[in-house]
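In this note's numbering, the protein residues as written are 164 to 473.
Cβ coordinates follow ideal geometry from the N, Cα and C atoms, glycine included.
One structure is given here, and the rest of the page talks about it.
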Amino acid sequence: MIAELKNKTLQEKIKKMEAFIGNTPLFPIIGLHKNEKVKIFAKLEWQQWGNSVKARPAFNIIKQAILNGDLSEGKHLLDASSGNTGVAYAGVAAALGIPFTLCIPENASSTKIAALKAFGANLIFTSKYDLTDGAQEKAVELQEAEPDKYFYADQYANDNNWKAHYKSTGPEIYNQTKQAVTHFIAGLGTTGTFTGTARALKDFDKNIKVIALHPDSALHGLEGWKDLETAKVPKFYDPELADENRVVSTETAYKYVKIAGEKLGLMLSPSSAANLSGALQLADELEEGTVVTVFPDHGSNYPEVMKEIF
C-alpha cells in the first residue's frame, strides 16, 4: 500500500512537471540577413525547466524509466555528462526525490558544477583529457559493479533522448511556424535534438530540408558538440538523416556571440551562436523559405568563456 501511494505521488509530480518542459518561444532573427523572403527563427531553449534544451531528453528519459520500472524505488539515476544534461537530470531528479550520480570531466564549467551541487547530485569526476567519453566509461564501470544500485540512463544510446524532440521540439516548430518551416539546421552533440526534430519534421513534410552542423575540428570549443569522426558516436545517430552536413568553427561561433549581443540583445552560448551562424549562412543561399534553428542554452552558463570572448 505504501509503495502504491509513493508511486502515485511520483506520477502526480511527473504530470505537474511536464507543463514546464518544452513549449519554448520561437524567436525571430531580424536584421542580420538581407533577403526578406527568407525568415529565420530560433527556439529559446533556456526558457524551460533546467534552463537548456537538455530538459526535454532528461525529463523524458527519467519519466519513461519510472513508468517502465527501470528506475524503481531506491535505485540511483546514473549517467555521464559535461554539463547541461547533467544539470537537467539533477533538477528533475531532485524534484522527484530520486538520488542521482553523475560522472563528469574534472574541467567542467564551474557554473555547471555549482548547479549540480545545489541540486544535491553525487559527482564523480573523471580525467579532463578523456572528455565525456571517459565519463561514460566510468558510468558503465559503476553500473556493472553495482547493477542493483544504479539505473544507467546512457543518454548517448537511450532512444528516449531523441524521442523527446520527436514528440515535442519538432511538432512545436511545425505548429509555431504555421506549417511554413522549410529548413531546420542544428549542431550535433548527443545528436538527440537533431535526430528527433528532423524525423518529426520529415514526417510532417518530407520536403523540409534538415541540415546538420559539425565542429570543424576535434579540438573545438563548442560545449555540447561532438566531433563525430574522433569521438564515440551516439548509438542512435543516423548519418543518412541529414540532407546536408556543414561545419562551424569555434572562432565563428565566438564572433556571433558578440553579434547576437549587439544586434539581437541576446546573450548566446557558443553552441547557440554556432547554430545562429549556420542559419544565417543558409538563409543567404536561399531565394525564399523559413529557416528554424535551436538556441540550446544561455551565455550566462559559461562565465569563463564569456570572459575570453569579451
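- The stretch 196-282 contains, as complete beta strand (DSSP E) runs of 3+ residues, the segments 201-207, 239-243, 263-268 (chain order).
- Excluding residues up to 5 positions away in sequence, Ser245, Phe288, Thr289, Ser290, Lys291, Asp293, Leu294, Thr295, Gly297, Ala298 lie with their Cβ nearer than 8 Å to the Cβ of Pro268 in the same chain.
- By the criterion of at least three beta-carbon pairs nearer than 8 Å, the stretch 357-370 is in contact with the stretch 333-349.
- In the three-state scheme derived from DSSP, where H, G and I count as helix and E and B as strand, His461 is classed as strand.
- Rounded to the nearest whole angstrom, the CA to CA distance from His196 to Ala437 is 16 Å.
- Scanning its chain for C-beta atoms nearer than 7 Å, with the 5 sequence neighbours on each side dropped, one finds around Tyr329 the residues Gly359, Arg362, Ala363, in chain order.
- DSSP places Ile177 in the helix class (H, G or I) of the three-state scheme.
- Secondary structure note for His377: its beta strand (DSSP E) is the uninterrupted segment 372-378.
- Rounded to the nearest whole angstrom, the CA to CA distance from Glu199 to Tyr313 is 53 Å.
- In the DSSP assignment, His328 falls within the alpha helix (DSSP H) that extends over 322-330.
- One thing to note: Asp401 has its Cβ no nearer than 8 Å to the Cβ of Ile374.
- Shortest Cα-Cα distance from His377 to any of Lys398, Ala416, Lys326, Val216 involves Ala416.
- Sequence-distant Cβ neighbours of Asp322 in its own chain, meaning closer than 7 Å and more than five residues away, are Phe399.
- Around the CB of Pro191, fewer than 16 other CB atoms lie within 10 Å, so the residue is classed as exposed.
- The Cβ neighbour count for Pro188, taken over all protein chains shown within 10 Å, is under 16; the residue is labelled exposed.
- Around the CB of Thr353, 16 or more other CB atoms lie within 10 Å, so the residue is classed as buried.
- Here Phe473 is exposed. Its C-beta has fewer than 16 other C-beta atoms within 10 Å.
- Within the same chain, Cβ atoms closer than 7 Å to the Cβ of Ala258 are found at Lys176, Met180, the five residues on either side in sequence being excluded.
- Three or more beta-carbon pairs drawn from the stretch 386-396 and the stretch 432-451 are found closer than 8 Å, and the two stretches are therefore classed as touching.
- Rounded to the nearest whole angstrom, the CA to CA distance from Arg219 to Trp209 is 11 Å.
- Contact between Thr274 and Pro466 holds: CB atoms are separated by about 6 Å, below the 8 Å threshold.
- If you compare the alpha carbons of Gly452, Leu443, Glu403, Pro397 with that of Trp325, the shortest gap goes to Pro397.
- Check the Cα spacing between Gly441 and each of Ser463, Lys418, Lys217: the tightest is with Lys418.
- Excluding five sequence positions before and after Ala423, the CB atoms of its chain that fall closer than 7 Å to its own CB belong to Leu429, Leu431, Ala436, Leu439, given in chain order.
- By the CB criterion at 8 Å, Gly283 and Gly254 fall outside the cutoff.
- Under the three-state reduction of DSSP output, Pro466 falls in the helix class.
- Nearest to Leu427 by alpha-carbon distance, out of Leu207, Lys301, Lys217, Gln339, is Leu207.
- One alpha carbon belongs to Lys226, the other to Gly232, and they sit about 10 Å apart.
- The C-alpha of Ala277 is placed about 32 Å away from the C-alpha of Glu335.
- In the DSSP assignment, Thr289 falls within the unbroken beta strand (DSSP E) covering 285-289.
- Counting other Cβ atoms within 10 Å of its Cβ, Gly194 stays below 16 and is therefore classed as exposed.
- Of the residues assessed, Asp447 falls on the exposed side of the cut-off, its CB having fewer than 16 other CB atoms within 10 angstroms.
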